[in-house]
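Residue numbers (the numbering used here): 6 to 406.
Only one structure is covered here, and it is reproduced in the block below.
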Amino acid sequence: LLLGQIVNTNLAHIGGRIADLGLDAHYQQTVGDNLGRMETAIRTALHRADAVIITGGIGPTQDDITREAICAATGRSMAFSDEYAEALRERYSRWGREMPVSNLRQAEYPEGGVLLPNPKGTAPGLALEHDGKLIFALPGVPPEMYLLLDDHVLPRIKQKAGIDETLVSRVIRTWGKGESAVAEQLSDLFDAATNPSMAFLASSGEIKVRLTAKADSVPEAERLIAPVQRQVEERRGSRVFGRDEDTIEEILLGLAKARGWTIGTAESATGGLVAGRLTATAGSSDVYRGSIVAYAPDLKRDLLGVDESTLKTGVVTEETALAMAEGARSHLGVDVGVSVTGFAGPAGEAPGTMIVAVATPEGARARTLRLPGDRERVRTYTVTAAMHLLRLAMTGDWWGS
6 LLLGQIVNTN LAHIGGRIAD LGLDAHYQQT VGDNLGRMET AIRTALHRAD AVIITGGIGP
66 TQDDITREAI CAATGRSMAF SDEYAEALRE RYSRWGREMP VSNLRQAEYP EGGVLLPNPK
126 GTAPGLALEH DGKLIFALPG VPPEMYLLLD DHVLPRIKQK AGIDETLVSR VIRTWGKGES
186 AVAEQLSDLF DAATNPSMAF LASSGEIKVR LTAKADSVPE AERLIAPVQR QVEERRGSRV
246 FGRDEDTIEE ILLGLAKARG WTIGTAESAT GGLVAGRLTA TAGSSDVYRG SIVAYAPDLK
306 RDLLGVDEST LKTGVVTEET ALAMAEGARS HLGVDVGVSV TGFAGPAGEA PGTMIVAVAT
366 PEGARARTLR LPGDRERVRT YTVTAAMHLL RLAMTGDWWG S
């Protein structure tokens with residue numbers, strides 16, 4: 006984490022889930038596997054917060070020293086759970102494997118603490134109350150951490166904080182304008198929002214508008230959200246593509262199934278990334294047939310049927326992109342073809358100039374994008390744009406219409 010080799014998604018997830026409770030996460034810190042530094046970090050956290058959530062360092066290896074650091078920071082001795090040790094042995098026996106002795110470290114815990122069962126792994130979580138403060142230690146593996154956070158940590162924090170209200174959030178997923186533009190469009194709603202509150206979250210070209218309401222019940226919270234949600238969706242129009250956990254990939258596959266259409270892709274500058282996004286979703290084989298990655302001009306001609314005269318006017322033109330999309334339709338035998346060509350940078354005539362085209366049985370259209378940032382960001386944002394332009398084309402809204 007400290008070397009940047011792994012992105013700390015756990016922090017982002019915990020921060021979001023704490024916010025869902027209506028509470029504030031004031032501090033986040035990453036510290037290495039050093040007992041002294043970890044002890045200092047825990048002491049500092051206990052001094053400035055009512056609850057401390059620690060992830061990682063509770064496994065069976067020598068560098069898993071979170072338990073020891075908690076003991077040092079709180080002045081407690083280490084206890085051992087014979088019951089959990091036996092449960093570990095039984096689990097390995099069911100697997101038909103011999104349990105390394107080091108796994109018994111996972112049965113250790115600071116005196117006075119409670120072990121939290123972890124059905125997805127062998128390392129249990131830990132809950133401890135110290136001088137009126139709550140301390141939690143959770144596995145660093147995200148799926149295990151998510152489970153214990155929701156099942157054990159958040160309920161304890163909610164009880165300790167005396168939260169008896171119900172909190173409901175609705176996420177409206179949009180695309181097509183930057184975060185600042187969306188915030189400006191909805192500024193009067195934001196300024197007037199108290200319950201529900203409103204927040205804006207940007208992610209790879211998509212903007213989420215989150216509405217959160219507090220009430221005595223879920224139906225009451227949803228009643229408070231409904232009129233604000235209607236206004237947001239009316240103003241954003243066709244830029245709204247989903248809600249809550251919807252993904253653009255799922256939306257696209259659903260649209261294609263509903264219309265009985267198949268999809269194919271033709272990519273140059275993105276090198277198959279659009280295809281990767283579409284095929285990452287279960288059930289994509291029902292509507293997605295394949296991709297042609299034609300990077301070189303002669304491959305655009307030979308594999309996609311782009312005319313030589315079109316290529317001579319420029320590889321990065323809307324005419325070439327449209328020919329690639331139509332080529333995807335004919336050569337892949339699909340109803341809908343989506344293509345990408347461009348200069349992702351840093352070299353090229355106009356770095357950040359990317360062109361997306363979509364061809365359907367109802368028509369074809371291209372769009373030129375001017376994107377800032379390095380090569381990776383340009384390609385990432387182009388893929389997102391391609392997905393949403395495909396959505397607009399398949400719904401008949403198109404763009405600029």
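All C-beta atoms, glycine included, are put in the ideal place defined by N, C-alpha and C.
As the structure is a computational prediction, the values presented were derived from the model and not from experiment.
*Cα separation between ALA46 and ARG175?*
Approximately 35 angstroms, taken between the alpha carbons.
_Secondary structure of PRO122, DSSP reduced to three states_ = Taken through DSSP and simplified to helix, strand or coil, PRO122 comes out as coil.
_CA-to-CA distance, ILE168 to ILE58, given in whole angstroms_ = Rounded to the nearest whole angstrom, the CA to CA distance from ILE58 to ILE168 is 18 angstroms.
*Alpha carbon to alpha carbon, what distance is there between GLU189 and ASP402?*
CA-to-CA, the gap between ASP402 and GLU189 works out to about 24 angstroms.
*Secondary structure of PRO224, DSSP reduced to three states*: Secondary structure of PRO224 (DSSP, three-state): helix.
_Environment of GLY368 [buried if 16+ CB atoms lie within 10 Å]_ = Burial call: exposed.
*Between PRO366 and TRP266, what straight-line distance do the alpha-carbon atoms span, to the nearest angstrom?*
Straight-line Cα distance between these residues: approximately 9 angstroms.
_For GLU254, report the span of its alpha helix (DSSP H) as first-last._
Its alpha helix (DSSP H) spans residues 253 to 264.
*asked:* I want to check one thing, is the minimum distance from the CB of ILE140 to the heavy atoms of the ligand PLP below 7 angstroms?
replied: With respect to the ligand PLP, the structure offers nothing, as it holds no ligand at all.
*Could you tell me how far apart the beta carbons of ARG228 and LEU191 are, in whole angstroms, since I believe they sit closer than 8 angstroms?*
Rounded, the Cβ-Cβ distance is 20 angstroms, inconsistent with contact.
_Output needed for ALA78: all residues of its chain with C-beta closer than 6 angstroms, excluding positions within five of it in sequence on either side, in chain order._
For ALA78, the CB contacts under 6 angstroms within the same chain, skipping 5 residues up- and downstream, are GLU44, ILE47, ARG48 in chain order.
*Taking buried to mean at least 16 other C-beta atoms within 10 Å of its own C-beta, is TYR300 buried or exposed?*
The residue in question, TYR300, is exposed, as its Cβ has fewer than 16 Cβ neighbours within 10 Å.
*With burial defined as no fewer than 16 other Cβ atoms inside 10 Å of the residue's Cβ, what is the status of ALA274: buried or exposed?*
Counting the other CB atoms within 10 Å of its CB gives ALA274 a total of 16 or more, which places it among the buried residues.
*Nearest-angstrom Cα distance between ASN15 and GLY242?*
So the two alpha carbons sit approximately 33 angstroms from each other.
*Beta-carbon proximity check, ILE297 vs LEU283, cutoff 8 angstroms*: Contact flag unset, no.
_What does the alpha-carbon distance come out to for the pair ASN200 and ALA218?_
The alpha-carbon atoms of ASN200 and ALA218 are separated by roughly 5 angstroms.
*Note down, one range per segment and in chain order, each beta strand (DSSP E) of at least 3 residues found wholly within the stretch 94 to 169.*
113 to 115, 119 to 121, 130 to 135, 138 to 143, all fully within the stretch 94 to 169.
_Residue span of the alpha helix (DSSP H) that contains TYR300, given as start and end_ = DSSP places TYR300 outside any alpha helix (DSSP H), giving it a letter other than H or E.
*What is the DSSP secondary structure of ILE58, counted as helix, strand or coil?*
For ILE58, the secondary structure class from DSSP, reduced to helix, strand or coil, is strand.
*Using the rule of at least 16 other Cβ atoms within 10 Å of the residue's Cβ for burial, across every protein chain shown, is VAL345 buried or exposed?*
Residue environment for VAL345: buried (at least 16 other C-beta atoms within 10 angstroms of its C-beta).
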